């Protein structure tokens, strides 16, 4: 402590580390300060059974160019998500299977679903992630919840169930929690709703062999002693010549600061002088999603033997979605799923035995009784993580974009903002984290 650098980066997740890396490459000195005793933020890789599994962010899509470039540069490998076979849909207690991108439905429902997806796709293209308030009807869209907006265009209970399960998975929130405008901005940043939800050709197409945390571990290794762990920043003081990041262990000074943590946590830091009212209001209203990631390992991939891909979408829960998570060499069969939204908020209050029973019971509904004979069961409730407070990302309720959007990325004096929530491409994903970190680095480099 007591050190000084050109830039102090708060947060050693992927966004903060990419900001630090780019700043150093441009000739600036950097110190990264992290509250946890590890790097990686919302990525966390753990050995389960005979393989490494991601308990946080995991998948990357084919058009996420930054994360693919980083994977290649670091000499890492990717593997495709297994998608061969039947998919499962569960709505209102009824389980059905299908093989195409869109679930099997009655002709009237299929026509309506196709029309709804087409309409959402047209509207979301009008909502730019860099200037959502310039969209036609932006104020009206930001004045209502996604649930209210959705109820006007979707009349089928089955389609409503599918859409709500998708929203829970993407945001860790319910449709009633989100601004309709924020929803459209978010999915537009990722190329549309189907692009965010699909495995083959979409955001879940590939995963990093050895785990996604390998990205942050490699970046931190390159930064060396410039990364300081176990040091929560409590206050950031600004003066005419620079900033002081004050932690429990002392102070690190710099000419500028990058705050690369979720908006919810950024709002808990004390700033002197205070940040603008607009910025403060924004961080107060951002809420982290509720998500529990569950990994269940088996001796055999019995679902594959029965002709299933392992993919599930459920409106009933407790799992909103399931994927085949088997290791790249097929030696450790596994299923991975998410408890999301309102069910996730109360998940950790239940006894572990009951949680396991509910998860394996759901998997047995989809794939048969063999799901009850598991080898390992691991879960991580991201709402219990003190330095995340939820996942997969933070989102906004109605009325905030209208009044406070300008403060999302706008520097406050010498403080710049990063983190995946501040991205304009692939908000909420690792790709967005990289883009936001590099954008903040460019902002500071111009000032340096």
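Numbering (my numbering), first residue to last: 601 to 1048.
Quick reminder that beta carbons are idealized off the backbone N, C-alpha and C, glycines included.
Model, not experiment: these values are computed from the prediction.
For residue 786, the uninterrupted alpha helix (DSSP H) segment begins and ends at 780-789. Residue 979 has its alpha-carbon roughly 31 Å from the corresponding atom of residue 757. Annotation for residue 1036: the continuous alpha helix (DSSP H) segment containing it runs 1030-1047. By the neighbour-count criterion, in which 16 or more other beta carbons inside 10 Å mark a residue as buried, residue 998 falls on the buried side.
With a cutoff of 8 Å on beta-carbon distance, residue 670 and residue 865 are scored as not near each other. By the criterion of at least three beta-carbon pairs nearer than 8 Å, the stretch 897-907 is not in contact with the stretch 1015-1032. Secondary structure of residue 825 (DSSP, three-state): helix. If you compare the alpha carbons of 776, 668 and 912 with that of residue 797, the shortest gap goes to 912.
In this model, residue 1016 and residue 878 are separated by some 15 Å (Cα to Cα).
In this structure residue 976 touches residue 648 by the C-beta definition: roughly 5 Å separates them, less than 8 Å. Look at the beta carbons and you see the stretch 915-933 touching the stretch 950-968: at least three pairs across the two are nearer than 8 Å. The C-alpha of residue 761 lies about 5 Å from the C-alpha of residue 915. Within the same chain, and ignoring the five residues on either side of residue 666 in sequence, the residues whose Cβ sits closer than 8 Å to its Cβ are 1031, 1034, 1035 and 1038. Judged by DSSP secondary structure, residue 686 falls within the beta strand (DSSP E) whose first and last residues are 686-691.
Taking every protein chain shown into account, the CB of residue 952 has fewer than 16 other CB atoms within 10 angstroms, so this residue is exposed. Segment contact: the stretch 765-772 against the stretch 723-741, fewer than three CB-CB distances shorter than 8 Å; contact not assigned. Per DSSP, the continuous beta strand (DSSP E) segment holding residue 1017 begins and ends at 1015-1017. Take residue 1041, set aside five residues on each side of it, and the residues of its chain with a beta-carbon closer than 6 Å to its own are 619, 622 and 623, in chain order. Separation of residue 1005 and residue 741 (C-alpha to C-alpha, rounded to the nearest whole angstrom) is 14 Å. Taking C-beta atoms as the reference points, residue 651 and residue 851 fail to come closer than 8 Å.
As DSSP reads the structure, residue 631 sits in a beta bridge with 608.
Looking at the DSSP output, residue 940 bridges to 891. Rounded to whole angstroms, the Cβ separation of residue 853 and residue 831 is 14 Å, and the two are not in contact under 8 Å.
In the three-state reduction of the DSSP assignment, residue 838 falls in the strand class. At the C-beta level, residue 678 and residue 808 come within 8 Å of one another. DSSP places residue 644 outside any beta strand (DSSP E), giving it a letter other than H or E.
Excluding five sequence positions before and after residue 697, the CB atoms of its chain that fall closer than 6 Å to its own CB belong to 686 and 688, given in chain order.
DSSP lists 936 as the bridge partner or partners of residue 923. CA-to-CA, the gap between residue 818 and residue 675 works out to about 10 Å. Of the residues 842, 811, 988 and 901, the one whose Cα lies closest to the Cα of residue 646 is 811.
Annotation: residue 681 to residue 849 spans about 43 Å, alpha carbon to alpha carbon. Assignment of residue 912 by DSSP, reduced to helix, strand and coil, places it in the strand class. Around the CB of residue 821, fewer than 16 other CB atoms lie within 10 Å, so the residue is classed as exposed. Leaving aside the five residues that flank residue 994 on each side, the residues in its chain whose CB is nearer than 8 Å to its CB run, in chain order, 862, 863, 864, 886, 887, 888, 889 and 1021. By the beta-carbon neighbour count (other beta carbons within 10 angstroms, threshold 16), residue 893 is buried.
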